[in-house]
Amino acid sequence: MLEQALNGLQFGLMLFLLASGLTLVFGIMDMINLAHGALYMVGAFLAAWLVQLTQSFLSGVLLAVGLTAVVGMLLEATLLRTLYARDHLSQVLATFALILIINDSVRMIWGSDLALSAPQALSGPVQLLPGLLYPSYRLVIIAVGLAIALLLFVLVTRTRMGAWVRAGASNREMAMAMGINIKVLFTGVFGLGAALCAVAGAMLGPLLAVQVGMGENILILAFVVIVIGGIGSVWGAFVGAILVGFVDTMGRTLLPHLFREIFSPQFASAAGPAVASILVYVLMAVVLFVRPQGLFSGRS
Amino acid sequence: MNRETPPWLWTLLLALAIALPLVLHARGQDYYISMISRMMIYGIAACSLNLILGFGGLVSFGHAAFVGIGAYAVGIMITEGVTSGWLNFAVAMGVSALAAAVIGAISLRTRGVYFIMITLAFAQMIYYLVNSIKAYGGDEGLNIKSRSNFGMGLDLKNDLTFYFVVLLVLVLTLVIISRMMKSRFGRVILAIRDDDTRVDAIGFPAYTYKWVLFIIAGTLGGLAGALMVNHQNYVSPNLMHWTQSGTLMIMVILGGVGTLSGGLWGALVLLILEDLIAEYTVYWQFYIGWFLLAVVLLAPRGLSSLFNRPKKLETKANA
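Chains B and G, in that order, give the protein sequences. Here the working numbering is used: the first residue of the first sequence is 1, the next is one more, and so on. Here the working numbering is used: the first residue of the second sequence is 301, the next is one more, and so on.
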């Protein structure tokens, strides 16, 4: 039970890393970026490749994060920048095209999948409480996730750059009128978003698989998170991500048990996993229905 | 509406569409007949999406769900031994209409980006639900042993018969959409796309009109799905994956948003390109991606705008 809660927290924190970049892009530039998941994949592949090359998990991941940030900024400066003024349809088409291009580029360079395993020192479990063993690698993920979330909050709420970002998300024209260089700011934000993607990709790589297409399903979850949390709000993305992480993880373990108590075993074994897998989408539909702007709207 | 295909071209195309399979059949190239059938089925699906996306101005990101529901309705019926084409297709359209009624009723209360996201969420729900129905294949999909049979010698097993059934459905779909958009209903829909508050103020219930449009589009999507499962002899949850909804959107944008036949041209161009490039390289997605990027940057109003330059400058309001 406690173990599942920790798993939920761990998954939620990684979702937050993806969603925070996405929500800023969405909030400031009103841009639907479907290629965000592709950056997550690029980060994971770079990490797997560099970890093998450098023979060190830490340096491999750090290099991958830096490189992915560069890739993200290049993408923003060359292509995505021209899409901000376009309608959502064009953005969907262009970033969908980017997914196709990036997927096949990765396939050409590294093949369809790469192996990435957690560092040897973190492969065993640790005893958290008497009788509760928990994989140490997952604990590290939680720690990294929390640390980055904290850093991000300090950055967004306590620094000048954070104030610019919040101003941009709240009212872009006004922010520009006040002399904020939105262009440069946004390339920076995009690079930061890409870096966070890479962190998530590299950390989740050993747990899930590093393969082409890994970004496509998690991207939709990230969208669910930011819609629940409120577009443009980093705090909303955090709450939304933790909520989705918990609901998804707990739903998958608890619902089948619960259903077995209420319904016949056949029905429970069939319906339990089915309902669990759609729980987060139901949550999102309910939030949108009751509070269309999300729990914490970043827009004024 | 100056970007529409002129009537003489339609007549020519129809004659070509009727003659082509006969020639191909005579030359023993039945493979191409099936290939063109597939393109036309995607054309129907894309045209149905264009109803909400183009005419209604509502960016629905879950249209593949209706196609999949139609396909699964037929697949499940045939697995259970019901092969009557009339029944298969009627139920497929009925079920997708019902799904569209429920999804539309909730989704249409939101707007803009939120509409995009909530339609996506519903499509994901259906995708995961179908994934977990083990009795009908679950994530492995469902093979059907026979195709729908309409009686009167109209058995879809025959590729040539199938082709003409698809062609007939396509023509009917285009005629229905064309008639509909020229009717009062269509005028109201176009007015809603431009300004739905004003339409409400005049006295038309904008929400109800959008809802009916959404249901019609979903029903036609289900019809395309019913044809698709017959064509592939197979249906899997992948048919409802969000990337499929994305592909349908791309066909519409490619062919021309808000035009009668835009979806059809987009489907033809995209699928022909895919087939052509896939002959030379396994990395066909790479080249398709660059092609699509080029379209976004160079021909933002779809490929048809390249051939048919609008006479007047179109603004966002009357686009």
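C-beta atoms are modelled at their ideal positions from N, C-alpha and C, and glycine is treated no differently.
Residue i versus chain B: which residues are under 9 Å apart at the beta carbon?
i	result
PRO306 of chain G	By Cβ distance, chain B contributes nothing, its closest Cβ being about 26 Å from PRO306 of chain G, past 9 Å.
LEU467 of chain G	Within chain B, no residue comes near LEU467 of chain G; the closest Cβ sits about 28 Å away, beyond 9 Å.
ARG327 of chain G	Ordered by position in chain B, no residue passes the 9 Å Cβ test against ARG327 of chain G, which lies about 34 Å from the chain.
MET549 of chain G	LEU89, VAL92, LEU93 and PHE96
THR410 of chain G	LEU288, PHE289 and PRO292
LEU429 of chain G	ALA274, VAL275, SER277 and ILE278
VAL413 of chain G	PHE26, ASP30, ILE32, HIS88, VAL227 and ILE231
MET425 of chain G	SER277, ILE278, TYR281, VAL282 and ALA285
For a test of the three-state rule: what should DSSP assign to residue i, helix, strand or coil?
i	result
VAL535 of chain G	strand
SER384 of chain G	strand
ASN181 of chain B	coil
TYR84 of chain B	coil
PRO600 of chain G	coil
ASN449 of chain G	strand
ASP455 of chain G	strand
ASN443 of chain G	strand
PRO119 of chain B	coil
VAL51 of chain B	helix
LEU192 of chain B	helix
ASP330 of chain G	helix
LEU560 of chain G	coil
TYR658 of chain G	Because residue 658 of chain G is not part of the residues shown, which for chain G are 301 to 619, the question remains open.
LYS612 of chain G	Any reading at LYS612 of chain G must be qualified, since the residue scores a pLDDT of 39, below 50, and its modelled position is unreliable; the value itself is stated next. In the structure shown, LYS612 of chain G sits in coil (DSSP, three-state: anything other than H, G, I, E or B).
ASP500 of chain G	helix
PRO125 of chain B	strand
LEU151 of chain B	helix
PRO135 of chain B	strand
LEU114 of chain B	strand
VAL210 of chain B	strand
ALA594 of chain G	helix
PRO307 of chain G	helix
ALA202 of chain B	helix
ALA94 of chain B	helix
ASN171 of chain B	coil
ASP104 of chain B	helix
ALA619 of chain G	Reliability fails at ALA619 of chain G, whose pLDDT of 35 lies under 50, so the model's placement of it is uncertain and the value that follows must be treated cautiously. Of the three classes helix, strand and coil, the one that applies to ALA619 of chain G here is coil, per DSSP.
MET551 of chain G	helix
HIS325 of chain G	helix
Any chance the CB of residue i is under 8 Å from a heavy atom of the ligand SAH?
i	result
ALA326 of chain G	Although the ligand SAH was asked about, the structure shown includes no ligands whatsoever.
What does residue i touch in chain B if you count any residue whose Cβ is under 8 Å from its own?
i	result
VAL557 of chain G	LEU89
LYS434 of chain G	ALA270
LEU324 of chain G	Result: empty, since nearest Cβ-Cβ is about 31 Å, beyond 8 Å.
From this set, the options, which residue's C-alpha is nearest residue i's C-alpha?
i	options	result
ASP439 of chain G	G:TYR534, G:LEU324, G:PHE464 and G:LEU312	G:TYR534
PRO273 of chain B	G:ILE433, G:ARG411, G:THR581 and G:ALA315	G:ILE433
SER117 of chain B	B:MET31, B:VAL247 and B:LEU58	B:LEU58
VAL312 of chain B	B:VAL156, B:LEU39 and B:TYR84	The requested residue 312 of chain B does not occur in the structure, where chain B is confined to residues 1 to 300.
SER269 of chain B	B:MET178, B:ARG252, B:ILE226 and B:ASP30	B:ARG252
LEU324 of chain G	G:LEU313, G:ILE336 and G:LEU429	G:ILE336
MET339 of chain G	G:TRP590, G:GLY589 and G:LEU467	G:LEU467
VAL413 of chain G	G:TYR342, G:SER360 and G:GLY518	G:SER360
TRP164 of chain B	B:GLY124, B:GLY232, B:GLN10 and B:LEU288	B:GLY232
GLU216 of chain B	G:THR543, G:HIS531 and G:PRO537	G:THR543
ALA19 of chain B	B:LEU53, B:VAL225 and B:PHE259	B:VAL225
GLY66 of chain B	B:ALA44, B:ALA77, B:ASP87 and B:THR82	B:ALA44
Using a Cβ cut-off of 8 Å, pull out every chain G residue sitting near residue i, in sequence order please.
i	result
ARG107 of chain B	TYR583
PHE45 of chain B	Chain G residues near PHE45 of chain B: none, gap ~16 Å exceeds 8 Å.
PHE223 of chain B	MET417 and LEU420
LEU100 of chain B	GLN585, PHE586, ILE588, GLY589 and LEU592
Can you name the residues of chain G whose CB is closer than 7 Å to the CB of residue i?
i	result
LEU15 of chain B	Per Cβ cutoff of 7 Å: no residues; LEU15 of chain B is ~15 Å from chain G at best.
VAL247 of chain B	Correct list: empty, because the minimum Cβ distance to chain G is about 13 Å.
Strictly below 7 Å CB to CB, what residues from chain B border residue i?
i	result
GLY441 of chain G	Here the premise fails: no neighbours, minimum Cβ distance about 16 Å.
ILE489 of chain G	What ILE489 of chain G touches in chain B: nothing, since even the nearest Cβ is about 18 Å away.
Counting only Cβ pairs nearer than 9 Å, list the residues of chain G close to residue i.
i	result
ASN103 of chain B	GLN585, PHE586 and GLY589
Problem set entry | Residue ranges of each alpha helix (DSSP H) within the stretch 242 to 296 of chain B, 4 or longer | 265 to 290
For this session: Starting from the N-terminal side, write out each stretch of the beta strand (DSSP E) that is 3 residues or longer and does not extend beyond the stretch 398 to 444 of chain G.
Result: none
Problem set entry | Cβ-based contacts, 9 Å cut-off: residues of the stretch 123 to 142 of chain B near chain G | none
Exercise. Listed from N- to C-terminal order along the chain, which residues in the stretch 516 to 545 of chain G have their beta-carbon within a distance smaller than 7 Å of any beta-carbon of chain B?
Worked result: TRP542 and THR543
Problem set entry | Contacting positions in the stretch 255 to 288 of chain B - beta carbon closer than 8 Å to chain G | ALA270, PRO273, ALA274, SER277, ILE278, TYR281, VAL282, MET284, ALA285 and LEU288
Exercise. In chain order, which alpha helix (DSSP H) runs of at least 4 residues are fully inside the stretch 339 to 398 of chain G?
Worked result: 363 to 379
Problem set entry | Short-range partners of chain B found in the stretch 339 to 363 of chain G, where Cβ spacing is below 9 Å | LEU353, VAL359 and PHE361
Exercise. Quick one, which residues of the stretch 386 to 407 of chain G are near chain B if we go by CB-CB under 9 Å, in chain order?
Worked result: ILE406 and SER407
Exercise. Got a sec: which bits of the stretch 207 to 232 of chain B sit with their beta carbon under 8 Å from any beta carbon on chain G, in order along the chain?
Worked result: GLU216, ILE220, PHE223, VAL224, VAL227 and ILE231
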